[in-house]
Amino acid sequence: MKTLILVRHAKSSWDYPHLSDFDRPLNKRGKRDTPRMADYLVKQGIQAEHFVSSPAKRAIVTAKTIWDQQLSMHSIIEDQRLYHASSSEILSVVREQETGVTTMMIFGHNPGFTDCANRLASTSIDNIPTCGVVGIRFEVNSWNEVNFGGGSRLFLLLPKTLNVRA
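Note that the working numbering gives residue 1021 to position 78 of the sequence shown, counting from 1, and the numbers run on in steps of one.
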């Protein structure tokens, strides 16, 4: 059995028009939501042993904040393909992970993450908001066996509904 946890990056800032999209930092709400979501995940026992992130600043900062709370012994793998990836590109990244990994968190962007969650679990999520987290379980032995429609949605955690915003 494999569990995939998709995490959309926290809310980013548009206050720096000179920065590229790739380099945009988190805004005040993003900096507030991310550690609270990280804490909630740990308290609920939602932990991963493997972390893969888009290298965009807002995604990697979200990943590092959650990774710090998880007290993981493994590093975060940055994968350029996750920067504005389509659902098919995300699936390719998932399928390439080591068989020994049971639970993996990947960090990235919409619209690819919402589309991928819907296609993997045959679910109907309108939009994974910033700092939203979706868990999907697969009855497979290896990540390369993961297919669209083959998963079951375990949870959808949203900062707003968890009351993690002040």
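All C-beta atoms, glycine included, are put in the ideal place defined by N, C-alpha and C.
Please read these numbers as outputs of a predicted model, since none were measured by experiment.
Let me know if residue i comes out buried or exposed under the rule of 16 or more other beta-carbons within 10 Å of its beta-carbon.
{"i": "His961", "result": "exposed"}
{"i": "Trp1010", "result": "buried"}
{"i": "Gly1055", "result": "buried"}
{"i": "Gln1040", "result": "buried"}
{"i": "Ser901", "result": "The question about residue 901 has no answer, for the chain in this structure spans 944 to 1109."}
{"i": "Thr1073", "result": "buried"}
{"i": "Phe1098", "result": "exposed"}
{"i": "Gly1094", "result": "buried"}
Quick check on this structure: which residue in the options has the alpha carbon closest to the alpha carbon of residue i?
{"i": "Val1044", "options": "Asn970, Glu992, Met980 and Leu949", "result": "Glu992"}
{"i": "His1120", "options": "Ser963, Asp982 and Arg967", "result": "The structure shown does not extend to residue 1120, since the chain is modelled only from 944 through 1109, so no value can be given for it."}
{"i": "Met980", "options": "Trp957, Asn970, Ser997 and Val950", "result": "Val950"}
{"i": "Met944", "options": "Phe1081, Leu1105, Ser997 and Phe1098", "result": "Phe1081"}
{"i": "Leu1025", "options": "Ser997, Ile1019, Leu1101 and Ser1018", "result": "Ser997"}
{"i": "Leu1105", "options": "Gln987, Ala1028, His1027 and Ile1019", "result": "Gln987"}
{"i": "Lys1000", "options": "Arg1062, Asn1070 and Asn970", "result": "Asn970"}
{"i": "Ser1031", "options": "Asn1061, Gly973, Ile1003 and Val1004", "result": "Asn1061"}
{"i": "Ser1067", "options": "Gly1092, Gly1051 and His1052", "result": "Gly1092"}
State the Cα-Cα distance for the pair residue i and residue j, rounded to the nearest angstrom.
{"i": "Asn1090", "j": "Lys1103", "result": "30 angstroms"}
{"i": "Asp1058", "j": "Arg1096", "result": "13 angstroms"}
{"i": "Ala1006", "j": "Met1047", "result": "12 angstroms"}
{"i": "Asp958", "j": "Ile1033", "result": "29 angstroms"}
{"i": "Ser1065", "j": "Gly1075", "result": "18 angstroms"}
{"i": "Ile1071", "j": "Ile1049", "result": "14 angstroms"}
{"i": "His1027", "j": "Thr946", "result": "22 angstroms"}
{"i": "Leu1014", "j": "Asp1069", "result": "32 angstroms"}
{"i": "Ile1003", "j": "Val985", "result": "19 angstroms"}
Which whole-angstrom value is the C-beta distance of residue i and residue j, which I expect to be below 8 angstroms?
{"i": "Arg1038", "j": "Asn1084", "result": "Incorrect: roughly 13 angstroms between the Cβ atoms, too far for contact."}
{"i": "Val1036", "j": "Val995", "result": "6 angstroms"}
{"i": "Gln1161", "j": "Asp976", "result": "No answer is possible for residue 1161: it lies beyond the span of the chain, which begins at 944 and ends at 1109."}
{"i": "Leu1101", "j": "Ile1079", "result": "The pair is not a contact, with the Cβ atoms about 16 angstroms apart (cut-off 8 angstroms)."}
{"i": "Ile989", "j": "Ile1020", "result": "Actually they are not in contact, since the Cβ atoms of Ile989 and Ile1020 sit about 19 angstroms apart, beyond 8 angstroms."}
Check whether the Cβ of residue i lies closer than 7 angstroms to any heavy atom of the ligand SAH, and answer yes or no.
{"i": "Pro968", "result": "For the ligand SAH, the structure offers nothing, since it holds no ligand at all."}
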